[in-house]
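Shown next, in structure tokens, is the structure this report addresses.
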Amino acid sequence: MRGKDVQIHPLSSVSSKAKIGHGVNIGPFCVIEKGVEIGDGCVLEARVSIKEGTSVGENNHFCEGTVIGGLPQHLAVPDECGQVVIGSENTFRENVTIHRAMKESNATIIGDNNLLMVNVHIAHDCRLGDNIVMANNVMIAGHVTIGSKANISGAVGVHQFCRIGEYAMVGGQAHIAQDVPPYVTVDGLTSNIVGLNMIGLRRGGFSAEDIKQLKEAYQITFRSQLPWREILKTLEDQFAKGAVVELARFLAGTTRGVIREGRHQSVIPNLKLHRVSDDGENEVATIRLNAG
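Each residue of the sequence shown is one higher than the last, beginning at 0 in numbering that gives the first Met the number 0.
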């Protein structure tokens with residue numbers, strides 16, 4: 000089934016059993032398999048593959064080499080896999096790959112208005128919210144959940160079953176093996192939390208009172224040294240509304256634990272100078288370099 004004003008390059012292969020919406024533009028060397036649904040206004044550049052089990056909303060842009068709906072990378076792939084369900088207004092840059100869910104009844108889900116840059120990989124059974132930005136070479140393992148308006152910098156690797164909360168900022172090349180709470184910044188060098196994502200909060204329209212409460216909750220969560228259960232109870236007792244409620248809910252739902260806080264300490268190197276003295280002895284002078 001094809002809608003009105005559909006443009007399909009003659010060098011592409013589009014199954015007659017695919018559902019193509021109005022105004023879809025499909026470039027050369029694309030492959031659209033049977034059962035695929037593509038919403039109105041989508042653009043597929045050259046060499047895009049959208050495979051069986053994929054449903055795509057409206058006005059998505061798929062750049063060259065993108066592969067959507069591939070089988071899970073798993074040693075025990077079942078005969079019948081799940082689906083990939085994509086919302087609207089997303090941009091998938093070159094060579095993005097997104098895999099179907101493992102179980103037939105499940106789906107890998109991508110929300111709306113997301114930007115996935117070059118070589119991003121989303122594995123089976125992941126769930127992405129809305130307005131997420133992922134930079135080049137981000138690697139998301141299976142069953143990962145990422146909240147809306149999170150920002151994942153280049154070359155970040157996320158372990159399976161981890162969660163990244165909304166408005167979190169993850170620095171480049173970080174290794175995420177535990178949950179990243181909402182609203183925080185993770186340093187790419189140490190993979191530790193280094194504070195709130197203040198830029199993201201301000202851009203997101205959080206009020207001064209919201210940010211004040213989040214700062215208080217941050218101190219309780221990461222610096223109070225209270226037992227975990229007391230941290231959760233304190234957050235629940237002190238903050239009945241606002242952004243902290245989402246933070247507390249996220250923390251209470253962790254199964255892998257939460258990334259710890261820890262700022263990177265810059266190492267100031269010593270410079271050793273060797274010279275031979277007037278009497279022929281070897282002398283060493285150590286100079287501590289200025290960090291500035």
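Quick reminder that beta carbons are idealized off the backbone N, C-alpha and C, glycines included.
All of these numbers come straight from a predicted model, not from anything done at the bench.
What does DSSP give as the partner residues of residue i in its beta bridges?
i: G156; result: M138, H174
i: H98; result: G69
i: V55; result: I37, I85
i: I121; result: I97, I139
i: T107; result: V83
i: K18; result: E36
i: T144; result: R126, R162
i: I230; result: Bridge partners of I230: none, in fact.
i: N150; result: V132, M168
i: S12; result: V30
i: L114; result: T90, V132
i: V370; result: Residue 370 cannot be examined here, being either before or after the span of the chain that is shown, 0 to 291.
At the level of alpha carbons, what is the spacing between residue i and residue j?
i: I7; j: K16; result: 15 angstroms
i: F61; j: G40; result: 12 angstroms
i: T220; j: I258; result: 11 angstroms
i: V35; j: K211; result: 47 angstroms
i: L225; j: I49; result: 50 angstroms
i: H91; j: Y182; result: The sequence shown places Phe at residue 91, rather than the His named in the question. In a straight line, the C-alpha of F91 is about 25 angstroms away from that of Y182.
i: E93; j: V66; result: 9 angstroms
i: R1; j: G68; result: 20 angstroms
i: D209; j: V55; result: 36 angstroms
i: R255; j: S104; result: 25 angstroms
i: E63; j: G81; result: 25 angstroms
i: R202; j: I97; result: 29 angstroms
i: C125; j: W227; result: 27 angstroms
i: I267; j: G22; result: Note on I267: pLDDT 47, under 50, position unreliable in the model; no value is reported.
i: L246; j: I163; result: 11 angstroms
i: P9; j: E51; result: 21 angstroms
i: V13; j: L43; result: 12 angstroms
i: G204; j: E165; result: 14 angstroms
i: K102; j: T53; result: 14 angstroms
i: I145; j: G187; result: 17 angstroms
i: L237; j: Q177; result: Position check: residue 237 holds Gln in this sequence, whereas Leu was assumed. For Q237 and Q177, the distance between alpha carbons rounds to 26 angstroms.
i: A140; j: F249; result: 20 angstroms
i: N113; j: G199; result: 16 angstroms
What did DSSP end up calling residue i once you bin it into helix, strand or coil?
i: R201; result: helix
i: V243; result: helix
i: Q82; result: strand
i: I258; result: coil
i: S265; result: Any answer about S265 is weak, because its pLDDT of 46 lies below 50 and its placement is not dependable; what the coordinates show is given next. Coil, per DSSP.
i: A207; result: helix
i: I219; result: helix
i: T253; result: coil
i: I131; result: coil
i: T184; result: strand
i: Q6; result: strand
i: L74; result: coil
i: A90; result: According to the sequence as given, residue 90 is Thr; it is not Ala. In this structure, T90 counts as strand in the three-state DSSP scheme.
i: L225; result: coil
i: R46; result: coil
Report the residue from the options whose alpha carbon sits nearest the alpha carbon of residue i.
i: R99; options: V119, H123, T90; result: H123
i: V119; options: V157, G241, E103; result: V157
i: Q159; options: I151, H174, E88; result: H174
i: Q293; options: E208, F205, S206, L234; result: Absent from the model: residue 293. The displayed extent of the chain is 0 to 291, so no value can be given.
i: V179; options: A251, L74, G203, L70; result: A251
i: V143; options: A242, M168, G170, T107; result: T107
i: D4; options: N24, S11, T253; result: N24
i: N136; options: P27, V155, G128, G199; result: V155
i: L213; options: V185, V244, R228; result: V244
i: N150; options: S14, M168, T189; result: M168
i: I19; options: V30, C29, I37, I31; result: I37
i: A216; options: A176, G241, G199, G128; result: G241
i: E260; options: V117, L231, S190, D129; result: S190
Would you call residue i buried or exposed, if buried means 16 or more other Cβ atoms sit within 10 Å of its Cβ?
i: A295; result: This structure does not reach residue 295, given that the chain is present from 0 up to 291, and the question cannot be answered.
i: S265; result: For S265, the predicted model reports a pLDDT of 46, less than 50, meaning its position is unreliable and no value from the coordinates is stated.
i: P71; result: buried
i: D111; result: buried
i: D78; result: exposed
i: S223; result: exposed
Using a Cβ-Cβ cut-off of 8 angstroms, state whether residue i counts as contacting chain C.
i: I210; result: Reference to chain C is not applicable here, since this structure consists of a single protein chain.
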